[in-house]
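Visitor: Encoded as structure tokens, here's the structure I'll be asking about.
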Amino acid sequence: MSGNIQLLSDTLAAAKAEGRAALIAYLPAGFPTVDGGIEAIKAAFDGGADVVEVGLPHSDPVLDGPVIQTADDIALRGGVKIADVMRTVRETHAATGKPVLVMTYWNPIDRYGVERFTAELAEAGGAGCILPDLPVQEAGLWREHAEKHGLATVFVVAPSSKDARLAEITKVGTGFVYAASLMGVTGTRESVGAQAQDLVERTRATTDTPVCVGLGVSDARQAAEVARFADGVIVGSAFVKRMLDAPDDAAGVEAVRTLAGELAKGVRGQA
Amino acid sequence: MPSEFFIPDPDGQIPSPEGYFGAFGGKFIPEALVAAVDEVAVEYDKAKHDPEFARELDDLLVNYTGRPSAFTEVPRFAEHAGGARIFLKREDLNHTGSHKINNVLGQALLTKRMGKTRVIAETGAGQHGVATATACALFGLECTIYMGEIDTQRQALNVARMRMLGAEVIAVKSGSRTLKDAINEAFRDWVANVDRTHYLFGTVAGPHPFPAMVRDFHRVIGVEARRQILERAGRLPDAAIACVGGGSNAIGLFHAFIPDAGVRLIGCEPAGHGVETGEHAATLTAGEPGILHGSRSYVLQDEEGQITEPYSISAGLDYPGIGPEHSYLKDSGRGEYRAVTDDAAMQALRLLSRTEGIIPAIESAHALAGALEVGRELGKDGLIVVNLSGRGDKDMDTAARYFGLYDNGTDATVAANAADTAEIEGDAK
Numbered sequence: 501m502s503g504n505i506q507l508l509s510d511t512l513a514a515a516k517a518e519g520r521a522a523l524i525a526y527l528p529a530g531f532p533t534v535d536g537g538i539e540a541i542k543a544a545f546d547g548g549a550d551v552v553e554v555g556l557p558h559s560d561p562v563l564d565g566p567v568i569q570t571a572d573d574i575a576l577r578g579g580v581k582i583a584d585v586m587r588t589v590r591e592t593h594a595a596t597g598k599p600v601l602v603m604t605y606w607n608p609i610d611r612y613g614v615e616r617f618t619a620e621l622a623e624a625g626g627a628g629c630i631l632p633d634l635p636v637q638e639a640g641l642w643r644e645h646a647e648k649h650g651l652a653t654v655f656v657v658a659p660s661s662k663d664a665r666l667a668e669i670t671k672v673g674t675g676f677v678y679a680a681s682l683m684g685v686t687g688t689r690e691s692v693g694a695q696a697q698d699l700v701e702r703t704r705a706t707t708d709t710p711v712c713v714g715l716g717v718s719d720a721r722q723a724a725e726v727a728r729f730a731d732g733v734i735v736g737s738a739f740v741k742r743m744l745d746a747p748d749d750a751a752g753v754e755a756v757r758t759l760a761g762e763l764a765k766g767v768r769g770q771a
Numbered sequence: 120m121p122s123e124f125f126i127p128d129p130d131g132q133i134p135s136p137e138g139y140f141g142a143f144g145g146k147f148i149p150e151a152l153v154a155a156v157d158e159v160a161v162e163y164d165k166a167k168h169d170p171e172f173a174r175e176l177d178d179l180l181v182n183y184t185g186r187p188s189a190f191t192e193v194p195r196f197a198e199h200a201g202g203a204r205i206f207l208k209r210e211d212l213n214h215t216g217s218h219k220i221n222n223v224l225g226q227a228l229l230t231k232r233m234g235k236t237r238v239i240a241e242t243g244a245g246q247h248g249v250a251t252a253t254a255c256a257l258f259g260l261e262c263t264i265y266m267g268e269i270d271t272q273r274q275a276l277n278v279a280r281m282r283m284l285g286a287e288v289i290a291v292k293s294g295s296r297t298l299k300d301a302i303n304e305a306f307r308d309w310v311a312n313v314d315r316t317h318y319l320f321g322t323v324a325g326p327h328p329f330p331a332m333v334r335d336f337h338r339v340i341g342v343e344a345r346r347q348i349l350e351r352a353g354r355l356p357d358a359a360i361a362c363v364g365g366g367s368n369a370i371g372l373f374h375a376f377i378p379d380a381g382v383r384l385i386g387c388e389p390a391g392h393g394v395e396t397g398e399h400a401a402t403l404t405a406g407e408p409g410i411l412h413g414s415r416s417y418v419l420q421d422e423e424g425q426i427t428e429p430y431s432i433s434a435g436l437d438y439p440g441i442g443p444e445h446s447y448l449k450d451s452g453r454g455e456y457r458a459v460t461d462d463a464a465m466q467a468l469r470l471l472s473r474t475e476g477i478i479p480a481i482e483s484a485h486a487l488a489g490a491l492e493v494g495r496e497l498g499k500d501g502l503i504v505v506n507l508s509g510r511g512d513k514d515m516d517t518a519a520r521y522f523g524l525y526d527n528g529t530d531a532t533v534a535a536n537a538a539d540t541a542e543i544e545g546d547a548k
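For the record, the sequence lines run as chains A and B.
Position one of the first sequence corresponds to residue 501 (the numbering used here), numbered consecutively onward.
Position one of the second sequence corresponds to residue 120 (the numbering used here), numbered consecutively onward.
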């Protein structure tokens with residue numbers, strides 16, 4: 501069974517056809533529980549997310565700030581396994597028909613086995629993966645298997661990436677390009693760096709693949725600002741923070757739905 | 120004039136240009152760090168071929184660090200090792216008290232060459248942190264040291280030293296609150312501040328070029344030891360022994376001996392409470408290949424690639440990873456790695472103190488415990504070089520608690536001491 505790379509591309513193209521940016525939400529699997537995480541993702545879609553990235557929690561999330569570290573800790577202490585991540589992808593995709601990707605560090609996949617992981621993710625209806633600590637030079641084996649199973653390989657580009665480097669990355673990346681708005685780890689920020697627009701423009705000069713901006717975007721106003729120059733707006737920590745701050749799991753799910761709704765307006769320029 | 124103390128690998132074949140030592144190494148880093156890591160590689164390569172860099176570093180290594188380091192035969196200690204002859208490479212006598220300064224001075228010079236004004240580093244036992252804080256004071260660089268909260272407690276003396284030297288010390292409260300987590304936090308800082316910051320990595324792990332570069336800065340240990348053992352014993356040793364956490368002092372000692380097929384290279388990993396208990400940090404003994412902190416190497420992990428929490432009484436060895444070149448040496452069979460428990464290391468620490476008047480770091484005591492074993496295996500004709508990578512001042516609180524030295528000087532203490540002496544004498548027979 502082939503993965504849903506085409507669904508991802510079609511979804512991003514549809515948003516573009518509507519003259520707006522896509523809204524991409526990140527939520528970790530297993531947080532606060534596996535079933536609770538599934539409900540939160542469904543709520544994000546229900547509120548207006550076009551795409552969801554499911555985090556596969558890792559013991560050593562070196563690119564994540566305190567909010568996602570906390571969620572990963574809770575998920576791992578709850579015993580989340582890769583099988584639970586696959587179930588999260590399967591159930592959320594089946595319930596919504598929308599594209600679901602996995603975002604994680606490389607070691608869990610390396611250890612699990614690249615063929616096994618890509619085959620299972622495709623079978624679960626997954627659309628692809630974002631692997632922020634797997635740079636393009638080390639990604640050969642992953643890309644071979646991802647391609648075989650119809651999964652997108654979304655690479656991250658950073659403000660420090662030089663133009664030649666951007667071209668190397670976008671030449672082999674598929675699905676979309678994840679443009680990091682600033683130099684730093686995940687987390688909410690007061691403002692999205694001015695470097696973001698410059699990076700999107702420099703990236704666009706190398707590819708026709710959609711360019712989506714993540715890191716630091718947390719509210720509708722910022723989403724609207726980013727939506728003016730990017731093909732998609734990625735929000736992670738702000739969702740997780742609302743869940744952490746909620747008095748109980750049900751309220752957390754509602755908070756996700758509400759934020760997704762606000763952000764969905766933002767990407768439509770209605771902040 | 121060729122450098123006397125900065126002697127990068129003359130062969131230059133390992134690692135590959137992509138940073139691979141066989142199947143291990145590489146560069147598994149976020150895109151945000153690619154430019155900075157590449158810059159380090161380019162600057163290091165330039166520096167390696169620049170006589171001015173070698174001259175500056177040599178000057179520091181001689182007049183600031185105190186190289187060459189002494190080479191001490193320890194016959195009274197060796198009586199407990201089956202009568203083999205044992206020599207210690209005295210990296211503990213370097214300025215700041217460990218081998219760490221060799222690498223730190225090299226990278227500090229590199230930091231200046233790159234025009235960066237701020238240095239960050241991780242530290243476990245605090246020795247790398249102290250060395251880094253020292254170099255930053257010397258060169259006028261801003262300095263932030265990340266240290267696991269547990270380590271700030273068990274190595275409080277070194278925290279005070281770093282602060283005295285003007286460094287900011289940040290206690291890391293995430294994960295296992297030890298060295299691994301300090302590295303995670305340093306990487307997070309680096310990603311955010313990479314423009315003006317150099318991450319002065321303290322061991323032979325991390326992404327390429329760190330494993331090769333840090334090794335090159337420490338190669339002097341083995342180069343000197345090889346010359347010294349030939350002068351003093353008239354032949355090459357049967358074994359070169361070092362403790363292994365990330366592996367920097369071990370690779371420093373081993374590297375110059377790699378072409379000498381008759382010299383066994385033996386790394387001593389921390390077995391903590393015993394490898395069978397699960398409370399250990401014996402990465403090569405009990406780990407599997409994986410990716411941690413930027414390179415592929417052996418890693419302590421579960422079946423799903425989650426890193427497991429290590430344990431060792433020694434903060435400097437309490438790490439679930441290992442430099443990729445050690446993984447390569449293990450798999451190729453050139454290196455041998457064995458695990459040494461907390462108890463064996465602490466007994467060796469006390470034995471060296473009582474027999475030779477040298478108090479070693481708990482890290483280095485793992486190598487000494489290994490030497491006692493290997494000496495007994497070799498018999499009285501054996502000849503061993505041990506890297507005494509650091510001094511034990513920083514560990515006196517841990518040692519005092521372990522051996523009950525904080526008693527009020529009562530008869531009980533004296534009695535205990537008498538028993539200790541009997542035990543040591545008994546061992547010799």
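Glycine included, every Cβ here is placed at the ideal spot set by N, Cα and C.
His247(B) lies in the alpha helix (DSSP H); which residues open and close that run?
Guide: In the second sequence, residue 247(B) corresponds to position 128, counting from 1. Unbroken alpha helix (DSSP H) run through His247(B): 246-258.
Visitor: CA-CA distance, Ile340(B) and Asn368(B)?
Guide: Start at 1 with the first residue of the second sequence, and residue 340(B) comes out as number 221. Start at 1 with the first residue of the second sequence, and residue 368(B) comes out as number 249. Cα to Cα, Ile340(B) sits roughly 8 Å from Asn368(B).
Visitor: Who does Val291(B) pair with in a DSSP beta bridge?
Guide: Here residue 291(B) refers to the residue found at position 172 of the second sequence. Its beta-bridge partners are Gly267(B).
Visitor: Given this structure, state the Cα-to-Cα distance separating Lys671(A) from Thr707(A), to the nearest angstrom.
Guide: As a first step, residue 671(A) must be located in the first sequence, where it is residue number 171. As a first step, residue 707(A) must be located in the first sequence, where it is residue number 207. If I take the Cα positions, the gap works out to 7 Å.
Visitor: Along the chain, where does the alpha helix (DSSP H) that runs through Thr758(A) open and close?
Guide: Along the first sequence, one-based indexing puts residue 758(A) at 258. From DSSP, the alpha helix (DSSP H) with Thr758(A) extends over 749-767.
Visitor: Taking C-beta to C-beta, are Met283(B) and Ile264(B) nearer than 8 Å?
Guide: Sequence index remark: in the second sequence, residue 283(B) carries index 164 (1-based). Sequence index remark: in the second sequence, residue 264(B) carries index 145 (1-based). No; because the gap between Cβ atoms is not below 8 Å, this pair is not in contact.
Visitor: Below 8 Å on C-beta distance, what does Phe147(B) contact in chain A?
Guide: As a working mapping, residue 147(B) is identified with position 28 in the second sequence. Chain A residues near Phe147(B): Trp606, Asp633, Leu634, Pro635, Glu638.
Visitor: Straight-line CA distance for Glu395(B) to Arg232(B)?
Guide: Numbered from 1 along the second sequence, position 276 holds the residue referred to as residue 395(B). Numbered from 1 along the second sequence, position 113 holds the residue referred to as residue 232(B). C-alpha separation (whole angstroms): 48 Å.
Visitor: Less than 8 Å between the CB atoms is what I'm expecting for Leu276(B) and Asp437(B), so what's the real figure, rounded?
Guide: Working through the second sequence from its first residue, we reach residue 276(B) at position 157. Working through the second sequence from its first residue, we reach residue 437(B) at position 318. Not confirmed; about 17 Å, so no contact.
Visitor: Any beta carbon from chain B within less than 8 Å of Ser681(A)'s own beta carbon?
Guide: Position 181 of the first sequence holds residue 681(A). By this cut-off, Ser681(A) is not an interface position.
Visitor: Work out the CA separation of His399(B) and His392(B) for me, nearest whole Å.
Guide: Working through the second sequence from its first residue, we reach residue 392(B) at position 273. Working through the second sequence from its first residue, we reach residue 399(B) at position 280. Cα to Cα, the separation comes out at about 6 Å.
Visitor: What's the call for Lys598(A), buried or exposed, on a 16-neighbour Cβ count within 10 Å?
Guide: Translated into the one-based positions of the first sequence, residue 598(A) becomes position 98. By the neighbour-count rule (16 or more Cβ atoms within 10 Å), Lys598(A) is buried.
Visitor: Residues of chain E with CB under 7 Å from Leu319(B), in chain order?
Guide: Of the chains in the structure shown, none is chain E; the protein chains are A and B.
Visitor: Using 10 angstroms around the beta-carbon of Gly386(B), count the other beta-carbons present and answer buried if the total reaches 16, otherwise exposed.
Guide: For the purposes of this step, residue 386(B) is taken as residue 267 along the second sequence, with counting starting at 1. Label assigned to Gly386(B): buried.
Visitor: Beta-carbon within less than 6 Å of Ile478(B)'s beta-carbon, same chain only, minus the 5 sequence neighbours each way: which residues are those?
Guide: Counted from its first residue, the second sequence places residue 478(B) at position 359. Taken in chain order, the residues that qualify are Ser472, Gly511.
Visitor: Let's test the definition: count the other Cβ atoms within 10 Å of the Cβ of Pro136(B) and tell me whether it reaches 16, buried, or not, exposed.
Guide: Your numbering for residue 136(B) matches position 17 in the second sequence. With fewer than 16 Cβ atoms within 10 Å of its Cβ, Pro136(B) is classed as exposed.
Visitor: Ordered along the chain, which non-local residues of its own chain (more than five positions away) have a Cβ less than 8 Å from that of Ala352(B)?
Guide: Start at 1 with the first residue of the second sequence, and residue 352(B) comes out as number 233. Cβ within range, chain order: Arg204, Phe206, Leu502.
Visitor: At 3 residues or longer, and completely inside the stretch 422-466 of chain B: list those beta strand (DSSP E) runs for me, N to C.
Guide: Counting only runs of 3 or more, we get 454-460.
Visitor: Kindly list the residues whose CB is nearer than 8 Å to the CB of Ala537(B), restricted to its own chain and excluding five residues on each side of it in sequence; keep chain order.
Guide: To locate residue 537(B), count along the second sequence from 1; it is residue 418. Bear in mind that a pLDDT of 49 at Ala537(B), under 50, signals an unreliable position, so the model cannot answer this.
Visitor: Helix, strand or coil: how does DSSP classify Leu682(A) here?
Guide: Sequence index remark: in the first sequence, residue 682(A) carries index 182 (1-based). Coil, per DSSP.
Visitor: Using a Cβ-Cβ cutoff of less than 7 Å, which residues in the same chain neighbour Ala463(B) once the five nearest sequence positions on both sides are dropped?
Guide: Walking along the second sequence from the start, residue 463(B) turns up at place 344. Ala488.
Visitor: My output table needs one value for Ala639(A): the three-state DSSP class, helix, strand or coil.
Guide: As a first step, residue 639(A) must be located in the first sequence, where it is residue number 139. The answer is coil: DSSP assigns Ala639(A) none of H, G, I, E or B.
Visitor: Compute the distance between the beta-carbons of Val735(A) and Glu539(A), then report whether it is under 8 Å.
Guide: To locate residue 735(A), count along the first sequence from 1; it is residue 235. To locate residue 539(A), count along the first sequence from 1; it is residue 39. Cβ atoms of Val735(A) and Glu539(A): not closer than 8 Å.
Visitor: What residues in its chain sit with their C-beta under 8 Å from that of Pro561(A), if we drop five residues either side in the sequence?
Guide: Translated into positions along the first sequence, residue 561(A) becomes position 61. Same-chain partners within the cutoff: Ile568, Gln569, Asp572, Tyr605.
Visitor: Could you check if Leu224(B) is buried or exposed, using at least 16 other CB atoms within 10 Å of its CB as the buried criterion?
Guide: Here residue 224(B) refers to the residue found at position 105 of the second sequence. Buried: at least 16 other Cβ atoms inside 10 Å.
Visitor: I need the DSSP call for Phe206(B), collapsed to helix, strand or coil.
Guide: As a working mapping, residue 206(B) is identified with position 87 in the second sequence. Strand at Phe206(B).
Visitor: Note down, in chain order, every chain B residue with its Cβ under 7 Å from the Cβ of Asp610(A).
Guide: Position 110 of the first sequence, counted from the start, is the residue given in the question as residue 610(A). Near Asp610(A) (Cβ distances below 7 Å), the residues of chain B are Gly409, Ile410, Gly424.
Visitor: Tell me whether Ala541(B) sits in a helix, a strand or coil according to DSSP, three-state version.
Guide: Taking the first residue of the second sequence as 1, we reach residue 541(B) at position 422. Its pLDDT being 46, under 50, Ala541(B) is placed unreliably in this model, and the coordinates cannot settle the point.
Visitor: Check each residue of the stretch 653-664 of chain A: if its Cβ is closer than 9 Å to any Cβ of chain B, include it; give the result in chain order.
Guide: Within the stretch 653-664 of chain A, the qualifying residues are Phe655, Val656, Val657, Ala658, Pro659, Ser660, Ser661, Lys662.
Visitor: Measuring alpha carbon to alpha carbon, tell me which residue in Phe655(A), Arg721(A), Pro747(A), Asp510(A) is nearest Pro149(B).
Guide: As a working mapping, residue 149(B) is identified with position 30 in the second sequence. The residue with the shortest Cα to Cα distance from Pro149(B) is Phe655(A).
Visitor: Let me confirm a value: Asp421(B) is counted as buried when at least 16 other C-beta atoms fall within 10 Å, else exposed. Which label applies?
Guide: For the purposes of this step, residue 421(B) is taken as the residue at position 302 of the second sequence. Asp421(B) should be labelled exposed.
Visitor: Rounded to whole angstroms, what's the CA-CA distance from Ser295(B) to Glu428(B)? Just pull it up for me.
Guide: On the second sequence, position 176 is the one that residue 295(B) refers to. On the second sequence, position 309 is the one that residue 428(B) refers to. Cα to Cα, Ser295(B) sits roughly 6 Å from Glu428(B).
Visitor: Report the residues of the stretch 697-723 of chain A with a CB closer than 9 Å to any CB of chain B, ordered along the chain.
Guide: Cβ contacts with chain B: none found.
Visitor: Please list, in chain order, the chain B residues whose beta carbon lies closer than 9 Å to that of Leu563(A).
Guide: As a first step, residue 563(A) must be located in the first sequence, where it is residue number 63. Pro149, Ala151, Phe306, Arg307, Val310, listed in chain order.
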